[in-house]
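Working notes for the structure below.
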Amino acid sequence: MGLSEYSEALLSEQLLSDKIQTLKYEYTNILKYMQYLSETLFGKVTKAGTITIPKKLRMKYHIKVGDVVKYADVDDGIKIVPSELTSIPTNIKEMWDEADEKKISMKEIVEKVKKVRSQVYNEEYGA
Amino acid sequence: MKNTELKFFIDTTVAISAITGRNKDAWILLDSGKKRLISLFVNEFVIKEIRRTLKEFDFSQENINYAIDYILECCTVRKNVPKAKFSKYVIQDKNDIPILSGAMQESAILVTEDNPLKIDAKKYLVCVNPSEALKRLSI
């Protein structure tokens with residue numbers, strides 16, 4: 034192999050390496066974008082200007098029908114905050130989630146309190 | 003809007019439904035007490051019931067303690083009414099008398115999720131559910 038052929042081979046090898054690097058970079062970006070798309074929730078604004086809060090977020094933040102949310106105008110968009118939930122401490126949120134998991138209903142609460150009330154009454158005041 | 007002149011006596015059912023997130027209105031009511039927007043009351047009987055009921059629902063001791071501390075921040079705790087004063091109340095379930103008499107002693111509106119108690123208590127005082135309590139406050 035002559036010197037010029039050797040140089041050309043080196044150059045094409047370098048070009049190939051550069052091309053591979055570019056492809057790798059693009060592939061990484063595509064993967065990142067796909068991850069972004071899979072994690073990001075989108076909403077479409079209707080004629081009336083309404084949007085639907087995705088179910089995943091409604092469940093996470095305990096937003097139910099009739100709840101009021103606050104809009105905050107922040108630097109990069111609009112932040113939606115459940116207005117009554119801003120001050121819920123972590124432990125209480127944990128209890129809400131646990132109650133969701135245990136499917137505790139109002140009926141169950143009333144019944145359980147009735148049962149406990151009978152015991153506590155006897156303890157405090159006698160039968 | 004401050005409504006501290008309006009006093010509410012919180013039944014155990016309301017405290018539990020707020021703490022477990024079952025009734026958002028109950029939570030708003032409790033939270034309004036913490037923010038001193040309204041005056042909330044319970045008695046020692048209610049506190050004991052809350053602790054016992056949360057235990058029955060298998061919540062951790064840490065969370066139960068936290069919930070009780072939180073309720074103590076939201077409400078003023080009164081002593082229990084002595085049994086000698088129970089005779090003037092004639093209601094279906096005598097076990098409810100410590101709650102009813104507690105609200106009466108405080109001249110407060112009784113807030114409960116228990117419909118039979120609500121009906122019975124109306125013979126003696128104003129008794130509402132959390133949603134109706136909030137309507138009274140226009141919160």
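Top line first, the protein sequences correspond to chains A and B.
Each residue of the first sequence is one higher than the last, beginning at 34 in the numbering used here.
Each residue of the second sequence is one higher than the last, beginning at 3 in the numbering used here.
A virtual CB, placed ideally from N, CA and C, is assigned to each residue, including glycine.
Quick caveat, the model's predicted, so the values are computed rather than measured.
Interface partners of residue i on chain A, CB under 7 Å
| i | result |
| --- | --- |
| B/Ile18 | Ile142, Val146 |
| B/Phe47 | Val153, Glu157 |
| B/Lys85 | Tyr158 |
| B/Glu51 | Val146, Val149, Arg150, Val153 |
| B/Asn97 | Arg150, Ser151, Tyr154 |
Closest residue to residue i among the options (Cα-Cα distance)
| i | options | result |
| --- | --- | --- |
| B/Ala86 | A/Gly159, A/Glu41, A/Thr55, A/Ser45 | A/Gly159 |
| A/Ile96 | B/Arg24, B/Asp116, B/Val48 | B/Arg24 |
| B/Lys81 | B/Val128, B/Cys129, B/Phe43 | B/Phe43 |
| B/Ile21 | A/Val153, A/Glu144, A/Lys126 | A/Lys126 |
| B/Ala135 | B/Lys36, B/Phe59, B/Ile40, B/Ile18 | B/Ile40 |
| A/Met128 | B/Tyr68, B/Lys36, B/Phe88 | B/Tyr68 |
| B/Ile70 | B/Asn131, B/Ile101, B/Lys36 | B/Lys36 |
| B/Ile121 | B/Gln94, B/Glu46, B/Leu32, B/Leu74 | B/Gln94 |
| B/Gln107 | B/Val92, B/Leu139, B/Asp33, B/Asn45 | B/Asn45 |
| B/Leu74 | B/Ala17, B/Arg138, B/Lys137, B/Leu139 | B/Ala17 |
Outcome for residue i when other beta-carbon atoms lying within 10 angstroms are tallied against a minimum of 16
| i | result |
| --- | --- |
| B/Met3 | Below a pLDDT of 50, predicted positions are generally treated as unreliable, and B/Met3, at 48, falls in that range; no measurement from the model is reported. |
| B/Leu8 | exposed |
| B/Thr55 | buried |
| B/Glu51 | buried |
| B/Gly104 | buried |
| A/Val98 | exposed |
| B/Tyr72 | buried |
| B/Phe11 | buried |
| A/Asp109 | exposed |
Interface partners of residue i on chain A, CB under 8 Å
| i | result |
| --- | --- |
| B/Ala69 | Asn124, Ile125, Met128 |
| B/Ile54 | Ile is not the amino acid found at residue 54 of chain B; the sequence shown has Arg there. Neighbours of B/Arg54 on chain A, chain order: Val149, Gln152, Val153. |
| B/Asp116 | Val143, Val146, Lys147 |
Unbroken alpha helix (DSSP H) run spanning residue i, endpoints
| i | result |
| --- | --- |
| A/Asp133 | 123 to 134 |
| B/Glu108 | From DSSP, B/Glu108 is part of no alpha helix (DSSP H); its letter is neither H nor E. |
| A/Lys52 | 36 to 72 |
Partner residues on chain C for residue i, Cβ-Cβ distance less than 7 Å
| i | result |
| --- | --- |
| A/Ile137 | Here chain C cannot be found, since the structure's protein chains are A and B. |
First and last residue of the uninterrupted beta strand (DSSP E) at residue i
| i | result |
| --- | --- |
| B/Ser41 | 40 to 45 |
| A/Tyr104 | 102 to 107 |
| A/Ile96 | No beta strand (DSSP E) contains A/Ile96, which DSSP labels as neither H nor E. |
| B/Thr78 | 78 to 80 |
| A/Val114 | 110 to 115 |
| B/Leu112 | 111 to 113 |
Interface partners of residue i on chain A, CB under 9 Å
| i | result |
| --- | --- |
| B/Glu134 | Chain A residues near B/Glu134: none, gap ~15 Å exceeds 9 Å. |
| B/Glu108 | Within chain A, no residue comes near B/Glu108; the closest Cβ sits about 18 Å away, beyond 9 Å. |
| B/Tyr72 | Pro122, Asn124, Ile125 |
Interface residues of chain B facing residue i [CB-CB closer than 8 Å]
| i | result |
| --- | --- |
| A/Lys88 | Those do not exist, as A/Lys88 stays about 17 Å from chain B at its closest Cβ, beyond 8 Å. |
| A/Asp100 | Lys26 |
Chain-ordered chain B contacts of residue i [CB-CB under 7 Å]
| i | result |
| --- | --- |
| A/Lys97 | Lys26 |
Chain B residues whose Cβ lies nearer than 9 Å to that of residue i
| i | result |
| --- | --- |
| A/Glu131 | Thr22, Phe59, Asp60, Phe61, Ser62, Asn65 |
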